[in-house]
Amino acid sequence: MDADLLHSALGSATAGIISRICTHPLDTAKARLQNQSPGEAAKVTQYKGPIDVLQKTARTEGIRGWYRGFGAIVVGGTPGTMVYLCGYELFKKKLSRRPTTDHQSRGGSSFHVPEFFVHFASGMLAETIACIVYVPVDVVKERLQVQQRINRDNHKHSPSASSRSSTTYRGSYDALRKILRYEGLSGIYKGYAATLVSFGPFSAIYFGLYELLKDTARKKISANEQQCVSGSFSIMQSLDDAVPTLEEEQKELPFHWLVACSASAGAAASWITSPLDMAKLRLQVQRGRSAATSNSQGNTNLAYSGMIDCLQYAYREGGIKGLFRGALARVMHFTPATCITMTSYEKCRSFYANTLTF
């Protein structure tokens with residue numbers, strides 16, 4: 001195995017586990033907020049925000065309720081994170097490969113793909129591949145996170161069906177087994193397109209902004225260093241004129257700059273794509289509810305025919321606010337999640353590169 005790829009694989013696996021331990025409760029809060037509708041306002045179980053979700057979940061289910069679906073994330077999500085980040089590095093390397101001086105001297109093209117497009121496209125391509133692993137994990141995780149509401153709704157419509165409902169999952173493995181049994185392989189991958197539509201733009205926007213912010217930080221640091229040495233030009237002129245070399249692009253940023261870049265990119269990307277994530281979640285949960293209803297009653301009632309229909313319904317139901325229901329919880333989850341993941345990834349990859357020798 002290529003040494004750089006091995007370091008990236010080990011770094012991404014370590015970073016993925018660290019991030020999930022820290023942020024899974026916020027992901028649970030996001031899922032439960034996005035899956036409730038304004039019509040539930042009169043109910044005791046109505047959640048007012050992320051903190052309210054965590055408090056009520058702790059009271060009714062204990063701290064364990066915060067980590068529903070965590071097993072699926074660790075077992076399946078870790079390989080997914082490895083595929084995701086390693087795939088991004090490989091695509092970025094391929095798309096941003098620069099023509100050599102020797103190649104240009106022989107009359108080769110000097111065309112260079114814009115860096116933002118490279119990172120944007122690499123993020124989208126990496127997500128496309130990683131979703132093969134992520135989607136089953138995501139389906140299991142979110143079914144577990146919201147199953148109390150599904151069982152309550154099923155019991156309301158048919159009390160006798162609740163004991164037989166296939167949505168009573170005892171854990172990640174039990175959920176996977178029952179989904180495969182009652183819905184087949186299509187139940188696991190039914191949300192692939194919706195997940196890709198949701199997370200594809202997120203990854204593309206995230207990596208585009210993340211790399212752009214890192215590049216800006218490197219230029220600023222380089223400009224400060226040069227000003228300290230020469231004192232002959234301004235920082236602003238350096239930021240505008242400096243074109244980073246390959247060595248500068250690969251230079252490791254200080255820890256606080258990594259935190260700032262990853263957190264800022266994560267917050268922006270998660271907010272922008274929140275409506276897509278909300279629609280994806282509702283479609284996945286609907287799949288589970290319809291499967292339970294058809295198994296116990298022999299019929300199905302689908303509220304949404306697809307992602308566009310779900311977005312239109314959310315808009316009619318609550319306007320712009322309805323589209324961004326759970327957006328704050330999503331930002332609260334993804335900002336620290338991406339920050340911890342990417343900061344840990346960068347540092348762990350450097351650690352393994354300096355520690356492991358071949």
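Going by the working numbering, the letters in the sequence shown line up with residues 1 to 358, in that order. Glycine included, every Cβ here is placed at the ideal spot set by N, Cα and C.
The DSSP-derived three-state label of residue 285 is helix. Using a 10 angstroms sphere on the CB of residue 228, the tally of other CB atoms stays under 16, which defines it as exposed. In chain order, 29, 30, 33, 50 place their CB closer than 6 Å to the CB of residue 329, counting only its own chain and leaving out the 5 sequence neighbours on each side.
At the C-beta level, residue 15 and residue 341 come within 8 Å of one another. Across the set 213, 66, 223, 272, the C-alpha of 213 shows the shortest separation from the C-alpha of residue 256.
Proximity of the region 325-339 to the region 260-279 meets the contact definition, three or more beta-carbon pairs being nearer than 8 Å. Three or more Cβ pairs closer than 8 Å define a contact, and the region 205-212 falls short of that threshold against the region 314-326. The DSSP-derived three-state label of residue 89 is helix. Check the Cα spacing between residue 69 and each of 261, 194, 170: the tightest is with 170. When the alpha-carbon of residue 274 is set against those of 202, 312, 220, the nearest one is in 202. The beta carbons of residue 307 and residue 281 sit about 11 Å from each other, so the pair does not count as a contact at 8 Å. Look at residue 255 here: in three-state DSSP terms it is helix. Our two residues, residue 95 and residue 147, have alpha carbons roughly 42 Å apart in a direct line. Taking the CA atoms as reference points, residue 188 sits about 20 Å from residue 310. Distance from the CA atom of residue 67 to the CA atom of residue 20, rounded to whole angstroms, is 10 Å.
In the three-state reduction of the DSSP assignment, residue 303 falls in the coil class. Taking all protein chains shown into account, residue 117 has fewer than 16 neighbouring C-beta atoms within 10 Å of its C-beta and is therefore exposed. Of 252, 317, 271, 75, the smallest CA-CA separation from residue 349 is found for 252.
Residues of the same chain with a CB within less than 7 Å of the CB of residue 88, apart from the 5 flanking positions on each side, are 122, 123, 126, 207 in chain order. Taking all protein chains in view, the Cβ of residue 356 is surrounded by fewer than 16 other Cβ atoms within 10 Å, so the residue is classified as exposed.
Approximately 11 Å separates the beta-carbon atoms of residue 83 and residue 137; this is outside 8 Å, ruling out the contact. CA-to-CA, the gap between residue 261 and residue 226 works out to about 22 Å.
Cβ neighbours of residue 74 within its own chain (closer than 8 Å, five residues either side excluded): 17, 20. Assigned with DSSP and collapsed to three states, residue 136 falls in helix. Annotated as proximal: residue 131 and residue 195, with beta-carbon spacing under 8 Å. When the beta-carbon positions are compared, residue 85 and residue 198 stay at least 8 Å from each other. Residues 339, 343 of the same chain have their beta carbon placed closer than 8 Å to that of residue 259, with the five preceding and five following residues left out of the count.
By the CB criterion at 8 Å, residue 200 and residue 128 fall inside the cutoff. Excluding five sequence positions before and after residue 71, the CB atoms of its chain that fall closer than 8 Å to its own CB belong to 171, 172, 173, given in chain order. In this structure, residue 79 sits away from residue 54, with a CB-CB distance that is not shorter than 8 Å.
In the DSSP annotation of this structure, residue 63 is not part of any alpha helix (DSSP H), being labelled neither H nor E. For residue 19, the enclosing alpha helix (DSSP H) covers residues 3-34. Annotated as proximal: residue 286 and residue 304, with beta-carbon spacing under 8 Å.
Boundaries for residue 49: no alpha helix (DSSP H) harbours it, and the DSSP string shows neither H nor E there. For residue 113, same chain residues with a beta-carbon under 7 Å away, outside a window of 5 residues either side, are 95, 96 in chain order. In the three-state DSSP reduction, residue 79 falls in the helix class (H, G or I).
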